[in-house]
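Q: Residue numbers (the working numbering), protein chains in the order written: chain A, 227 to 466; chain B, 912 to 1206. Think of the CB as a built atom: it goes at the ideal place given N, C-alpha and C, for glycine as much as any other residue. A quick note: this is a predicted structure, and the numbers were derived from the prediction, not measured.
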Amino acid sequence: MTNAVKPDYEQLRISDLHAFYGESHILHGIDLTVRRGELVTLLGRNGAGRSTTLKSIMNMVGRRTGSIMINGNETIQTAPHHIAQLGVGYCPEERGIFASLDVEENLLLPPKVRSDGMSLDEIYDMFPNLYERRRSQGTRLSGGEQQMLAMARILRTGANMLLLDEITEGLAPVIVQKLAEVLMRLKAKGLTIVLVEQNFRFAAPLADRHYLMEHGQIVHEIGANELESKKDLLNTYLGV
Amino acid sequence: MTMLFGVPLAVLYGQLLLGLINGAFYALLSLGLAVIFGLLKIINFAHGALYMLGALCAVVLLNTLGVNYWVALILSPVLVGIFGIFLERFLLRRIAHEDHIYSLLLTFGIALVIQGVFTNIYGVSGMRYPIPEALRGGVNLGFMFLPYYRAWVIVAALVVCFGTWFMIEKTKLGSYLRAGTENAKLMQAFGINVPLLVTLTYGFGVMLAAFAGVLAAPIYSVSPVMGANLLIVVFAVVVIGGMGSIIGAVLTGLGMGIIEGLTKVFYPEASSTVIFLVMVVVLLLRPAGLFGKEA
Ligand SMILES: Nc1ncnc2c1ncn2[C@@H]1O[C@H](COP(=O)(O)OP(=O)(O)O)[C@@H](O)[C@H]1O
Ligand SMILES: [Mg+2]
Chain A
227 MTNAVKPDYE QLRISDLHAF YGESHILHGI DLTVRRGELV TLLGRNGAGR STTLKSIMNM
287 VGRRTGSIMI NGNETIQTAP HHIAQLGVGY CPEERGIFAS LDVEENLLLP PKVRSDGMSL
347 DEIYDMFPNL YERRRSQGTR LSGGEQQMLA MARILRTGAN MLLLDEITEG LAPVIVQKLA
407 EVLMRLKAKG LTIVLVEQNF RFAAPLADRH YLMEHGQIVH EIGANELESK KDLLNTYLGV
Chain B
912 MTMLFGVPLA VLYGQLLLGL INGAFYALLS LGLAVIFGLL KIINFAHGAL YMLGALCAVV
972 LLNTLGVNYW VALILSPVLV GIFGIFLERF LLRRIAHEDH IYSLLLTFGI ALVIQGVFTN
1032 IYGVSGMRYP IPEALRGGVN LGFMFLPYYR AWVIVAALVV CFGTWFMIEK TKLGSYLRAG
1092 TENAKLMQAF GINVPLLVTL TYGFGVMLAA FAGVLAAPIY SVSPVMGANL LIVVFAVVVI
1152 GGMGSIIGAV LTGLGMGIIE GLTKVFYPEA SSTVIFLVMV VVLLLRPAGL FGKEA
């Protein structure tokens, strides 16, 4: 289903989300909504709580309260291994490529969560490097190739909502360009994407909306058409 | 008689065979410890007691229900494995998020309880388990006499070790295990039921121990303390091989058995300590173990 079918369908709705690591209270009441087919970013300085927001959606933090609706299902009580099955694909900031698996094993590791994922052929078509290196140990790949692998891995599962954490971090401009193209294609396919980014120049042309985060809270929401008028805001919070 | 360094060859081969048999048990037990350590990150001090349970279970099955060796070889590991699954599910899991020292103490306590209960019932004197009919006797190889049962122990242990290695390194299920060992949280995020994987892995490691116990029943005397004595040596083997490597556990187990056997021939006084001497040397030269990854 694409956003053309049901334009305002809420793929993700977070209300009053608080998250904790042990005693430390990291997120202080997050509210955000992502509609099906949208590409939304979480922007903010290091330590603002963007990664923690994604981890909270995956139930990977110590404790969380509030409400997280995914595709119409309340998931605040859902076990971590049942979240992916709602159609969620998570790409962690540290990429999480497994050293004890070769490239293809890494690629085939996550179980399918929906029926219309990309086939291995389509994946190799989109990322030819991965095909050439499919028998290499996962962590022997270059940073850029590892990032492609981390992306490709969740595309194969058929997830229709992707949570991507700093996928351009530390990568050469050509790779960043390639990732931008990939995201455009995924968006055109109707996938819903939540993108955590430092690289505002990468995110700005792709995104429909931006959430600005600071100290574990969302401080502003900015539509793609408001970027010019809210330049000062971005400057204050991101220093772009 | 042919001699080598003043030792009759027949004696040498005999001790090599004994060493290989002991090594087969070291390999099976340290393999189970390595599999469990990989995913659960705990050192299973209950391993020796579970090995003993495997042997004892075979004895009890035979004496009460007349269950023969071949059936016991499967049934006993299954029963003890189910017991292991209960241990993980209802005891170990409760403290899984605590410091690993707690699970170490818990498994140590479980070992003492199991051992104590069965000592109370059966005493510490050994029980006999007959060698299965089909494997009685042996063959004269010309240079030595090879009892069939001992040959069977080595073959069975090697097949199970190889099978385990194959399953972990070459199958889809094994890739879950390897990946879970590296990053269990991310596996959960991919939708894999890691708690279930943990339970099954513990159960499988326990089955390996119980299988070794049944194999041992006809050659070592079966008693509630048989595991405690063996486990100390197996821990030394694990330290030498390094935690976490499947192949390392198997090769080190076999190798240490052989070294022990050879020591018995050439310097019998040191035969019970040689493994610990090797452990000291390895710890000095390569603290992560022969097959361990340097931190
Ligand atoms: N595992 C953790 N345990 C305790 N505190 C953490 C942990 N991970 C992150 N934090 C803290 O949570 C805050 C938000 O971190 P994070 O979500 O990673 O920020 P961002 O991704 O926006 O850079 C930071 O103050 C960080 O120190
Ligand atoms: Mg982050």
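Give the range of the alpha helix (DSSP H) segment to which T1163 of chain B is assigned.
A: Its alpha helix (DSSP H) spans residues 1157 to 1177.
Q: Specify, as a first and last residue, the run of the beta strand (DSSP E) that D391 of chain A falls within.
A: Counting along the chain, the beta strand (DSSP E) containing D391 of chain A begins and ends at 387 to 391.
Q: Name the residues in the stretch 954 to 983 of chain B whose C-beta lies less than 8 angstroms from a C-beta of chain A; which are they?
A: From the stretch 954 to 983 of chain B, no residue has a Cβ closer than 8 angstroms to chain A.
Q: Please go through the same chain and pick out, in chain order, the residues whose beta-carbon is closer than 7 angstroms to the beta-carbon of T278 of chain A, but skip the five residues on each side of it.
A: So the list reads A245, I252, L253, V287, once near-sequence residues are dropped.
Q: By a C-beta neighbour count over all protein chains shown, 10 Å radius and 16 as the cutoff for buried, is L348 of chain A buried or exposed?
A: According to the sequence shown, residue 348 of chain A is Glu rather than Leu. So E348 of chain A ends up on the exposed side.
Q: From A378 of chain A to L335 of chain A, what distance separates their C-alpha atoms?
A: Computed Cα separation, rounded: 11 angstroms.
Q: Alpha carbon to alpha carbon, how far is D328 of chain A from K1204 of chain B? Give it in angstroms, no decimals.
A: Answer to the nearest angstrom: the Cα atoms are 18 angstroms apart.
Q: Following the continuous beta strand (DSSP E) through I256 of chain A, name the residue where it begins and the one where it ends.
A: Here the beta strand (DSSP E) through I256 of chain A covers 250 to 261.
Q: Taking only beta-carbon atoms, is V1191 of chain B less than 8 angstroms away from chain A?
A: For V1191 of chain B, the answer is no, since every Cβ of chain A falls outside 8 angstroms of its Cβ.
Q: Counting only runs that start and end within the stretch 339 to 406 of chain A, where is the alpha helix (DSSP H) found for 4 or more residues in a row?
A: Runs found: 346 to 352, 354 to 358, 369 to 381.
Q: Counting only Cβ-Cβ distances shorter than 7 angstroms, please list the residues of the stretch 1098 to 1116 of chain B near chain A, keeping chain order.
A: So the list reads Q1099, A1100, F1101, G1102, I1103, N1104, V1105, given in the order they occur along the chain.
Q: With DSSP run on the structure shown, which of helix, strand or coil describes R326 of chain A?
A: The question names Arg, but residue 326 of chain A is Ser in the sequence shown. Coil, per DSSP.
Q: Look up R276 of chain A in the DSSP assignment and say whether it is helix, strand or coil.
A: Helix at R276 of chain A.
Q: Is the separation between the beta-carbon of G1114 of chain B and that of I996 of chain B shorter than 8 angstroms?
A: Yes. Within cutoff.
Q: In angstroms, rounded to a whole number, what distance separates the CA positions of V1136 of chain B and A960 of chain B?
A: One C-alpha to the other measures close to 8 angstroms.
Q: Going by DSSP, what residues sit across from T267 of chain A in a beta bridge?
A: According to DSSP, which records beta bridges pairwise, T267 of chain A is partnered with A:L421, A:H436.
Q: Compare the C-beta of E331 of chain A with all C-beta atoms of chain B and state if any pair is closer than 8 angstroms.
A: Chain B contact via Cβ: present.
Q: Any heavy atom of ligand 1 closer than 7 angstroms to the CB of N386 of chain A?
A: No, ligand 1 has no heavy atom inside 7 angstroms of this Cβ.
Q: By Cβ distance, which residues of its chain are closer than 8 angstroms to N229 of chain A, with the 5 residues on each side in sequence left out?
A: Low local confidence applies: a pLDDT of 44 at N229 of chain A is under 50, so the model's placement there is unreliable, with the coordinate-based value given in what follows. Answer for N229 of chain A: Y235, R261, R262, G263, E264, G416, listed in chain order.
Q: Run down chain B in chain order and give the residues with a C-beta less than 7 angstroms from the C-beta of S250 of chain A.
A: Under the 7 angstroms cutoff, chain B gives no residues; its nearest Cβ is about 17 angstroms from S250 of chain A.
Q: Examine chain A for any beta-carbon lying closer than 8 angstroms to the beta-carbon of A1067 of chain B, and answer yes or no.
A: No, its Cβ sits nowhere closer than 8 angstroms to a Cβ of chain A.
Q: Whole angstroms is fine: what's the gap from L1201 of chain B's alpha carbon to I954 of chain B's?
A: So the two alpha carbons sit approximately 18 angstroms from each other.
Q: Roughly how many whole angstroms lie between the Cα atoms of L280 of chain A and L268 of chain A?
A: Computed Cα separation, rounded: 10 angstroms.
Q: Please report whether the beta-carbon of V339 of chain A lies at a distance below 8 angstroms from any beta-carbon of chain B.
A: Cβ-Cβ to chain B under 8 angstroms: yes for V339 of chain A.
Q: Would you say the beta carbon of A1095 of chain B is closer than 7 angstroms to some non-hydrogen atom of ligand 1?
A: Checking every heavy atom of ligand 1 against the Cβ of A1095 of chain B, none is found closer than 7 angstroms.
Q: What are the complete beta strand (DSSP E) segments, minimum 3 residues, inside the stretch 986 to 1052 of chain B?
A: Fully enclosed beta strand (DSSP E) runs of 3 or longer: 1049 to 1051.
Q: With 16 other CB atoms within 10 Å as the buried threshold, where does R276 of chain A fall?
A: Label assigned to R276 of chain A: buried.
Q: Using a beta-carbon distance below 8 angstroms, is L335 of chain A in contact with chain B?
A: Yes - at least one Cβ of chain B is within 8 angstroms of the one on L335 of chain A.
Q: Can you pull the chain B residues whose beta carbon is under 7 angstroms from the beta carbon of A310 of chain A, in chain order?
A: Result: A1100, F1101, G1102.
Q: Flag E319 of chain A as yes when its Cβ comes closer than 7 angstroms to any non-hydrogen atom of ligand 2, and as no otherwise.
A: Yes, Cβ of E319 of chain A sits closer than 7 angstroms to a heavy atom of ligand 2.
Q: Can you tell me whether Q443 of chain A is helix, strand or coil according to DSSP?
A: In this structure, Q443 of chain A counts as strand in the three-state DSSP scheme.
Q: When you compare the CB positions of I1157 of chain B and W1076 of chain B, do they come within less than 8 angstroms of one another, or not?
A: The answer is yes: Cβ separation under 8 angstroms.
Q: Would you verify that the beta carbon of A325 of chain A is, or is not, closer than 8 angstroms to some beta carbon of chain B?
A: Answer yes: the Cβ-Cβ gap between A325 of chain A and chain B drops below 8 angstroms somewhere.
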